[in-house]
Amino acid sequence: MKLIVTLLFFISAFNLSANEIRFNNKRIIVKLKEGQAMPSHHSIKKVQHLFKQLYVLHLEDVKSLKTDFLDSPAFEYVERDFYSGRNKLPQAERELEINEKMAGEFNDPKFGKLWHFNDKTGMSVNRAYKEVINAKGSEVIVAVVDTGVDYTHEDLKEVMWVNTKEIAGNNIDDDGNGYVDDVHGINTISRDSNGNATGNMKDTHSHGTHVSGIIGATQNNNVGIAGVASNVRIMGIRTVPNNGDELDVDVIESFLYAAKNGAKIINCSFGKAHNEGGMAVSETIKHIGETYGVLVIAASGNSSQNIDSRLTYPASFENDHLMVIASTSNRGGMSYFSNYGKKNVDLAAPGSSVYSTTPNNRYSSMSGTSMASPAAAGVAAEVLSHNPALGPVELKNLLMDSTTKVGRFSSKLVTGGRINLYNALQQALNR
Ligand SMILES: [Ca+2]
Ligand SMILES: [Ca+2]
Ligand SMILES: [Ca+2]
Numbered sequence: 191m192k193l194i195v196t197l198l199f200f201i202s203a204f205n206l207s208a209n210e211i212r213f214n215n216k217r218i219i220v221k222l223k224e225g226q227a228m229p230s231h232h233s234i235k236k237v238q239h240l241f242k243q244l245y246v247l248h249l250e251d252v253k254s255l256k257t258d259f260l261d262s263p264a265f266e267y268v269e270r271d272f273y274s275g276r277n278k279l280p281q282a283e284r285e286l287e288i289n290e291k292m293a294g295e296f297n298d299p300k301f302g303k304l305w306h307f308n309d310k311t312g313m314s315v316n317r318a319y320k321e322v323i324n325a326k327g328s329e330v331i332v333a334v335v336d337t338g339v340d341y342t343h344e345d346l347k348e349v350m351w352v353n354t355k356e357i358a359g360n361n362i363d364d365d366g367n368g369y370v371d372d373v374h375g376i377n378t379i380s381r382d383s384n385g386n387a388t389g390n391m392k393d394t395h396s397h398g399t400h401v402s403g404i405i406g407a408t409q410n411n412n413v414g415i416a417g418v419a420s421n422v423r424i425m426g427i428r429t430v431p432n433n434g435d436e437l438d439v440d441v442i443e444s445f446l447y448a449a450k451n452g453a454k455i456i457n458c459s460f461g462k463a464h465n466e467g468g469m470a471v472s473e474t475i476k477h478i479g480e481t482y483g484v485l486v487i488a489a490s491g492n493s494s495q496n497i498d499s500r501l502t503y504p505a506s507f508e509n510d511h512l513m514v515i516a517s518t519s520n521r522g523g524m525s526y527f528s529n530y531g532k533k534n535v536d537l538a539a540p541g542s543s544v545y546s547t548t549p550n551n552r553y554s555s556m557s558g559t560s561m562a563s564p565a566a567a568g569v570a571a572e573v574l575s576h577n578p579a580l581g582p583v584e585l586k587n588l589l590m591d592s593t594t595k596v597g598r599f600s601s602k603l604v605t606g607g608r609i610n611l612y613n614a615l616q617q618a619l620n621r
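Going by this note's numbering, the sequence shown opens with residue 191, and the numbers climb by one from there.
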């Protein structure tokens, strides 16, 4: 009897926390069955098509929809627009004391702080530039779906993606893509009176700027640091609020925007611990992978857990077009905070005390799988740059096949290894 009481207590305690999961009552996601028309309802203010059979319904209030509407046989499924829940994002921290002297291929003055470039515990970035890369590859657009980017930063402004068909600051959607003044990306958090995402994606945290610098800070400009990739354009999409509480519909919209505007890699240094059976985000990743050739790279999360059992999203989605990244430290092992999973986490990359760009021409160290994901995205971009014929699944498989094995990782990661630019490029150039 005592056991039952205890169990009941746990069940009710779980439900209590489950009830705290919040959703946006102004939007729902619906997937129509093939050949079905959208049912009408007086509460629907706008029907927004996402792709294929997937739509967002903009509503007065989700409660005003009668159950018979939501249960309509026209729908394959209906999903609420869930918030991820508040999440403390990595912030600037004290720098690591680095004693090793790296033989540099780069003239950037703070290059010596980039331990993740080294051969022993990093990603063999130095070695790749020294021994393999002898010409610039083609340009690759990487979308950073994050807190935004300081696109005026001295070491980022040259590598920002520019929507050349859009005139800045004239309050007109010059290229007719549905977004006004989207010169470097969009902001899905701040919306105009029509509910459209705005064009000002400037970072008001520092997370997205740090992530962007790891991927692609300008190399060899005698300024700041060097990004992992040499020929990228960073598309900045502000979708993660400063308290980490992003919405599913915003994530989907960001992914679609990035894909339609030419991004081949999307970095997701965000996640949540609940999903309520949601399919729409994962279906979007599959759709942009198959239709636009995009590889989505995501952080495994920072709660020191096995995400094969403690599921976290998007990292725990089973999806060929998603590559999930754990974090390592400069000693070569897994970072104490890193999530892992033999089934759901593909490989590791440096994420502890990674030095990169922060707003207002500053630089600092941050730690998290948030930093490991862009380190891997930088490698992916550089590899793709030298072999643009690689499809997203091919690229993912190549990166996974060319990791540096780390003994203790074999039970924690699909590949049991850390991503390695030198190895990956050798493979990419021999195809
Ligand atoms: Ca536009
Ligand atoms: Ca404009
Ligand atoms: Ca630089």
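For glycine and all other residues, C-beta sits at the position ideal for the given N, C-alpha and C.
On a CA-only basis, which of the options is nearest residue i? Give me that one, please.
i	options	result
Gln617	Lys586, Val349 and Pro229	Lys586
Gly389	Ser402, Gly359 and His395	Gly359
Gly597	Asn214, Leu512 and Thr605	Thr605
Ser490	Asn520, Val535 and Glu480	Val535
Pro504	Val352, Val315 and Phe445	Phe445
Thr354	Gly452, Asn324, Asp298 and Ser402	Gly452
Ile211	Glu572, Ser383, Tyr273 and Asp591	Tyr273
Asp371	Ile357, Ser380 and Asp382	Ile357
Ser555	Gly426, Val220 and Trp305	Trp305
Ile218	Phe241, Leu260, Glu224 and His232	Leu260
Ile376	Asp440, Lys278, Ile487 and Pro229	Asp440
Ser622	Gln243, Asn214 and Leu247	Only positions 191 to 621 of the chain appear in the structure, and residue 622 is not among them; the question remains open.
Phe507	Arg521, Pro549 and His464	His464
Lys300	Val514, Thr547 and Arg608	Thr547
Gly403	Asp309, Arg423 and Ala387	Arg423
Ser519	Ser262, Leu279 and Met313	Met313
Asn550	Ser557, Lys347 and Lys533	Lys347
Thr502	Val315, His477 and Lys462	Lys462
Gly225	Pro263, Asn529, Ile405 and His232	Pro263
Quick one: using the 10 Å Cβ neighbour count with 16 as the cut-off for buried, is residue i buried or exposed?
i	result
Asn205	With a pLDDT of only 36 at Asn205, under 50, the local geometry of the prediction cannot be trusted, and no value is derived from it.
Pro431	buried
Leu619	exposed
Asn297	exposed
Ala571	buried
Asp393	buried
Asp258	exposed
Lys253	exposed
Val544	buried
Ile362	exposed
Glu436	buried
Phe200	For Phe200, the predicted model reports a pLDDT of 39, less than 50, meaning its position is unreliable; a value from the coordinates is still stated below. That one is exposed.
Asn209	Note that Asn209 has pLDDT 46, beneath the 50 cutoff, so the model's placement of it is unreliable and no number is given.
Thr408	buried
Asp271	buried
Gly385	exposed
Given this structure, state the Cα-to-Cα distance separating residue i from residue j, to the nearest angstrom.
i	j	result
Thr342	Ala227	46 Å
Leu580	Leu574	7 Å
Ala470	Asp438	8 Å
Ser542	Thr378	29 Å
Lys216	Arg276	19 Å
Ala318	Leu615	8 Å
Gly269	Asn496	The sequence given here has Glu at residue 269, not Gly. Going by the C-alpha atoms only, they are around 27 Å apart.
Asp336	His239	23 Å
Phe241	His511	17 Å
Leu197	Ser493	Reliability of the predicted coordinates at Leu197 is poor, the pLDDT of 40 falling under 50, and the value obtained from them is presented with this limitation in mind. For Leu197 and Ser493, the distance between alpha carbons rounds to 25 Å.
Ser249	Ile427	Reading off the sequence, residue 249 comes out as Leu, not Ser. When rounded, the distance between both Cα atoms is 25 Å.
Gly479	Glu473	10 Å
Glu584	Asp382	39 Å
Ser563	Phe307	15 Å
Would residue i pass as a contact of residue j if the rule is Cβ separation under 8 Å?
i	j	result
Thr429	Asp340	no
Ala565	Pro540	yes
Ile415	Asp345	yes
Tyr612	Val322	yes
Asn457	Val334	yes
Asn421	Ser328	yes
Val484	Ile442	no
Ser560	His397	yes
Lys602	Met524	yes
Ala488	Ala516	no
Glu266	Lys221	yes
Lys310	Glu285	no
Would you list the one or two residues that DSSP bridges to residue i?
i	result
Pro582	Looking at the DSSP assignment, Pro582 forms no beta bridge with any residue, so it has no partner.
Phe265	Leu222
Asp336	Arg428
Ala538	Ala516 and Arg608
Gln238	Val246
Asn214	Asp271
Leu485	Ile455
Arg423	Ile331
Taking 7 Å as the cut-off, is the beta-carbon of residue i closer than that to any non-hydrogen atom of ligand 5?
i	result
Val544	Of the ligands one can find in the structure shown, namely ligand 1, ligand 2 and ligand 3, none is ligand 5.
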